[in-house]
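Visitor:
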Amino acid sequence: MFTTPATAGEHAAASVRAGLTRQDRDVAGMAMLATLLFTTLVTLFILVALLAQVIGESSSLLGERGVDFVTSPIGSDPDKIGVWSGLYGSIFIGVFVVLVAIPLGLAAAIYLEEYANAKHRLTRLIMVNIRNLAGVPAVIYGVLGFILFTQWLEPVTNGQSVIAAGLTMALLVLPIVVITSMEAIRAVPGSLRDAGFGVGASRWEVTRDHVLPYAAPGILTGTVLSVARALGEAAPLIIIGAITGLLPETSLTGKFTAIPILIYQWTGRPKPPNSEFAFTESAAAAGLVLLVIVLVFNASAVLLRNRFEKSRVGS
Amino acid sequence: MSNVDTSPARAHVPITHSHGPSMTDATTAQTLTMIDDEPADETIVFDIEDLSVYYGDFRAVTVDELSVREHEITAFIGPSGCGKTTMLRSLNRMNDFIDIARVEGSITYHGVDLYDPEVNATEVRRRIGMVFQKPNPFPKSIYDNVAYGPRLAGVKKRAELDDVVERSLRGAALWDEVKDRLKESGLGLSGGQQQRLCIARAVAVEPDVILMDEPCSALDPIATARIEDLMQEMKETYTIVIVTHNMQQAGRVSDRTAFFTTEVNPDGERRTGRLIEFDRTEKIFSMPEDERTEQYITGRFG
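Each protein sequence line maps, in turn, to chains V and A.
For the first sequence, our numbering gives the first residue as 14, with consecutive numbering after it.
For the second sequence, our numbering gives the first residue as 5, with consecutive numbering after it.
(1) Only counting runs of 4 or more residues, tell me where the alpha helix (DSSP H) segments fall wholly within the stretch 94-148 of chain V, in order along the chain.
(2) At the 8 Å Cβ level, is tyrosine 227/V part of the contact set with chain A, yes or no?
(3) Anything in chain V within Cβ reach of valine 209/A, meaning under 9 Å, just list it in chain order.
(4) Listing by chain order, which chain A residues have their CB less than 8 Å from the CB of aspartate 81/V?
(5) For the alpha helix (DSSP H) that aspartate 100/A lies in, which residues bound it at each end?
(6) Closest to methionine 98/A by CA distance: which of Glu127/A, Met238/A and Thr266/A is it?
(7) Are the C-beta atoms of aspartate 167/A and some chain V residue less than 8 Å apart?
(8) Using C-beta distances below 7 Å, list every residue in its chain close to threonine 230/V, excluding the 5 sequence neighbours before and after it, in chain order.
(9) Please list, in chain order, the residues of the stretch 189-208 of chain A that have any C-beta partner in chain V closer than 9 Å.
(10) Using 10 angstroms around the beta-carbon of proline 168/V, count the other beta-carbons present and answer buried if the total reaches 16, otherwise exposed.
(11) According to DSSP, is valine 166/V part of a helix, a strand, or is it coil?
(12) In this structure, what does DSSP give as the bridge partners for arginine 59/A?
(13) For serine 72/V, which of helix, strand or coil comes out of DSSP?
(14) Give the range of the beta strand (DSSP E) segment to which isoleucine 244/A is assigned.
(15) If we cut at 8 Å on Cβ distances, does isoleucine 268/V have a partner in chain A?
(16) Is the CB-CB distance between alanine 243/V and serine 194/V below 8 Å?
(17) Would you report the Cα separation of isoleucine 153/V and alanine 248/V, rounded to the nearest angstrom?
(18) Quick one: which chain V residues come within Cβ less than 9 Å of threonine 126/A?
(19) Are the beta-carbon atoms belonging to glycine 107/V and isoleucine 272/V less than 8 Å from one another?
(20) Note down, in chain order, each residue of its chain lying with its Cβ closer than 6 Å to the Cβ of valine 182/A, except the 5 sequence neighbours on either side.
(21) Run through DSSP, which three-state label would threonine 78/A get?
(22) If we call anything under 8 Å between Cβ atoms a contact, is leucine 233/V one with serine 103/V?
(23) Can you pull the DSSP bridge partners for aspartate 283/A?
(24) List the residues of chain A that asparagine 130/V touches, going by C-beta distances under 8 Å, in chain order.
(25) Work out the CA separation of threonine 266/V and glutamine 199/A for me, nearest whole Å.
(26) Tell me whether glycine 133/A sits in a helix, a strand or coil according to DSSP, three-state version.
(27) According to DSSP, which residues form a beta bridge with phenylalanine 50/A?
(28) Give the residues of chain A in contact with histidine 24/V, contact being defined as C-beta atoms less than 8 Å apart.
(29) List the whole-angstrom C-beta distance separating alanine 178/V from phenylalanine 269/V, where the pair is believed to meet the contact cut-off of C-beta under 8 Å.
(30) Arginine 129/A versus chain V: which residues are under 7 Å apart at the beta carbon?
(31) Taking the alpha-carbon positions, what's the valine 40/V to alanine 26/V distance?
(32) How many angstroms separate the CA atom of valine 141/V from the CA atom of alanine 131/V?
(33) Can you tell me whether DSSP reads aspartate 217/A as helix, strand or coil?
(34) Exposed or buried, glutamine 278/V, counting other C-beta atoms within 10 Å across all chains shown (16 or more means buried)?
(35) Aspartate 39/V touches chain A at which residues, Cβ-Cβ below 7 Å?
(36) Please classify glutamate 267/A as buried or exposed, where buried requires at least 16 neighbouring CB atoms within 10 angstroms.
Here's what the structure looks like:
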């Protein structure tokens, strides 16, 4: 095989060309791509349809009343009611989740991932329990919150207040915060910890300076999910005792309500004969307000995450 | 001090990093071993006796006796799985982070038992720094990478930090390449530069010992040569222990070599690591006493 005849060379080139240009294997790939694209579009369509429905339903009400709808209290006349009391309650619930569930959950995640002996039976028991807690229905948390916060801790929460509701919601999302934070911390490369320990940093210094900044984007994603969940839940609030009728005043320790409760209530009410707007229109408008709150919470988390991501690669 | 440099071996054969003993230097090495008298006042940094490291029930490595001397480079060589890295990581208690790892026997550091319950492992690591197999700069600027250790130690003044950063980067032969971009990310450097940055980071806390776990295995030959040059300069100031897969590297850079291998564990099925022979590098590479060392050195296994 020291010399090759020209014809043999041409023949070889032709067979190589035939091999390199065949496309038949791509058919399955194209089919898969089409399926994936289709399912993505379906998801997108549902989202867009939902938004269009909510906006369409509420546009005439919001167009006419505008800010008045946001700042008015709840009541029985669909031309005068607003979401103010619900907005107040929902924002407080969001703030409670951020202030209570996130520090607690993050601390637990740091302990379980960085300090606890993962092989120890007690640690494993705790982890299994947290996973199970994340799957407990919201109504059960409502019952727990009712007993714990409106009865046992009544001196602190003053009974059926927004404090009790916020604490219940914090409890509800706590397992989610712990699990997502643990996943984020676990994804931090071991070499980064080694690097810190190698220059004589203590466990806490390594966690503070390297593990948490690296895990921050993942932790923030978890918090976004948990705040959104807490803002959207209605079931526990029904059990805690959210108000659905008249609520002229809003306060930390008094009676409260929240937007999901209002949506639930208004959707089921018939339109009074002499009013301009239907309760369903108010429900849609309240849904839009809830969406805006969730967006505001999420946007601030994304902004924070971008800051952390920038510092992750070094400036 | 200068006791190493004035030892007979050094006086007769000025060993430089690039022309270390090789298997062809047999005659020279033979002369060396004949005149190789240990100076009695040589400071011992680590003294290891009857040491075994376990992962759970599995005994990973056993060392009967090994001592690391000040201002020398001690190399750990041997085939994969012989426990040399495990041994290295026990020297600054990095194995503490493996929940199931356990050490039996004694490792003393300047006469103090490293595994004494009163010993603070963080303080151990502050004095015994480490450079890892894969370059692992912090995802921070070059400056912050080097300044991190000193900052932890309480250095706060900008001028002081600037000084430490420059000195450490010079010490790691990296200063000229990065002095104009100290604010840029350490991850933007090449692999060899990243490893030298890691060395600068280790040096910045002014440790006593630097442990190197196959520091050149992810680097190209030119970057490797630079790090080997660097090690020769560094041993004037520090004591170095290096794990290497590369026998030639051990021959080029080290003063003493410990050869580890695997053997069938008498109390189990799995193979366990053991220190076979520990001596001056020239001796290990020219007239090893154990047959297994010779086989490994001459490339017959491993």
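Ideal Cβ positions, reconstructed from N, Cα and C, are used throughout, including at glycine.
Guide: Put simply:
(1) 97-109, 115-123 and 134-147
(2) The residue given as residue 227/V occupies position 214 in the first sequence. Yes, because at least one Cβ of chain A sits closer than 8 Å to the Cβ of tyrosine 227/V.
(3) As a first step, residue 209/A must be located in the second sequence, where it is residue number 205. By Cβ distance, chain V contributes Val212 and Gly213.
(4) Position 68 of the first sequence holds residue 81/V. Simply none; closest approach about 50 Å.
(5) Position 96 of the second sequence, counted from the start, is the residue given in the question as residue 100/A. Aspartate 100/A -> no alpha helix (DSSP H), and no H or E assigned at all.
(6) Sequence index remark: in the second sequence, residue 98/A carries index 94 (1-based). The candidate whose alpha carbon is nearest that of methionine 98/A is Glu127/A.
(7) Translated into the one-based positions of the second sequence, residue 167/A becomes position 163. No, aspartate 167/A does not count as interfacial toward chain V.
(8) Your numbering for residue 230/V matches position 217 in the first sequence. The sequence given here places proline at residue 230/V; threonine does not occur at that position. Correct list, in chain order: Arg318, Phe321 and Glu322.
(9) Ser189, Gly190, Leu191, Gly192, Cys202, Arg205, Ala206 and Ala208
(10) By 1-based counting over the first sequence, the position of residue 168/V is 155. Burial call: exposed.
(11) For the purposes of this step, residue 166/V is taken as residue 153 along the first sequence, with counting starting at 1. The sequence as given places leucine at residue 166/V; valine does not occur at that position. The answer is coil: DSSP assigns leucine 166/V none of H, G, I, E or B.
(12) In the second sequence, the residue the question calls residue 59/A occupies position 55. The amino acid occupying residue 59/A in the given sequence is tyrosine; arginine does not appear at that position. DSSP lists Phe62/A and Ala105/A as partners of tyrosine 59/A.
(13) The residue given as residue 72/V occupies position 59 in the first sequence. Serine 72/V: helix per DSSP, three-state reduction.
(14) Reading the second sequence from its first residue, position 240 is the one you call residue 244/A. Segment 243-247, the beta strand (DSSP E) holding isoleucine 244/A.
(15) Numbered from 1 along the first sequence, position 255 holds the residue referred to as residue 268/V. Isoleucine is not the amino acid found at residue 268/V; the sequence shown has lysine there. Output row for lysine 268/V: interface = no.
(16) Counting from 1 along the first sequence, the entry for residue 243/V is found at position 230. Counting from 1 along the first sequence, the entry for residue 194/V is found at position 181. Contact flag unset, no.
(17) Counting from 1 along the first sequence, the entry for residue 153/V is found at position 140. Counting from 1 along the first sequence, the entry for residue 248/V is found at position 235. So the alpha carbons of these two residues sit roughly 9 Å apart.
(18) Reading the second sequence from its first residue, position 122 is the one you call residue 126/A. Residues of chain V passing the Cβ test: Phe210, Gly213, Ala214, Ser215, Arg216 and Glu218.
(19) Here residue 107/V is taken as the residue at index 94 of the first sequence, counted from 1. Here residue 272/V is taken as the residue at index 259 of the first sequence, counted from 1. Result no, Cβ atoms of glycine 107/V and isoleucine 272/V do not sit closer than 8 Å.
(20) Mapped onto the second sequence, residue 182/A falls at position 178. Cβ within range, chain order: Ile146.
(21) Residue mapping note: residue 78/A aligns to position 74 of the second sequence, counting from 1. In this structure, threonine 78/A counts as strand in the three-state DSSP scheme.
(22) Within the first sequence, residue 233/V is the residue found at index 220, counting from 1. Within the first sequence, residue 103/V is the residue found at index 90, counting from 1. Result no, Cβ atoms of leucine 233/V and serine 103/V do not sit closer than 8 Å.
(23) Counting from 1 along the second sequence, the entry for residue 283/A is found at position 279. Aspartate 283/A is bridged to Thr261/A.
(24) Numbered from its first residue, the first sequence carries residue 130/V at position 117. Per Cβ cutoff of 8 Å: Asp103.
(25) For the purposes of this step, residue 199/A is taken as residue 195 along the second sequence, with counting starting at 1. For the purposes of this step, residue 266/V is taken as residue 253 along the first sequence, with counting starting at 1. Taking the straight line from one Cα to the other gives about 59 Å.
(26) Locating residue 133/A in the second sequence gives position 129, where the first residue counts as 1. It is a strand residue.
(27) In the second sequence, the residue the question calls residue 50/A occupies position 46. Its beta-bridge partners are Val72/A and Tyr113/A.
(28) Taking the first residue of the first sequence as 1, we reach residue 24/V at position 11. Simply none; closest approach about 42 Å.
(29) Here residue 178/V refers to the residue found at position 165 when the first sequence is read from its first residue. Here residue 269/V refers to the residue found at position 256 when the first sequence is read from its first residue. Sure, about 6 Å apart at Cβ, within 8 Å.
(30) Residue numbering aside, residue 129/A sits at position 125 when the second sequence is read from its first letter. Phe210, Gly211 and Gly213, listed in chain order.
(31) Here residue 40/V is taken as the residue at index 27 of the first sequence, counted from 1. Here residue 26/V is taken as the residue at index 13 of the first sequence, counted from 1. Roughly 25 Å between the two C-alpha positions.
(32) As a first step, residue 141/V is located in the first sequence; it is residue number 128 there, counting from the start. As a first step, residue 131/V is located in the first sequence; it is residue number 118 there, counting from the start. If you take the alpha carbons of valine 141/V and alanine 131/V, they lie about 12 Å apart.
(33) In the second sequence, the residue the question calls residue 217/A occupies position 213. Aspartate 217/A: strand per DSSP, three-state reduction.
(34) As a position in the first sequence, residue 278/V is number 265, starting the count at 1. That one is buried.
(35) Numbered from its first residue, the first sequence carries residue 39/V at position 26. Within 7 Å Cβ-Cβ: nothing; aspartate 39/V doesn't reach chain A, min ~37 Å.
(36) Taking the first residue of the second sequence as 1, we reach residue 267/A at position 263. Exposed, by the Cβ-count rule.
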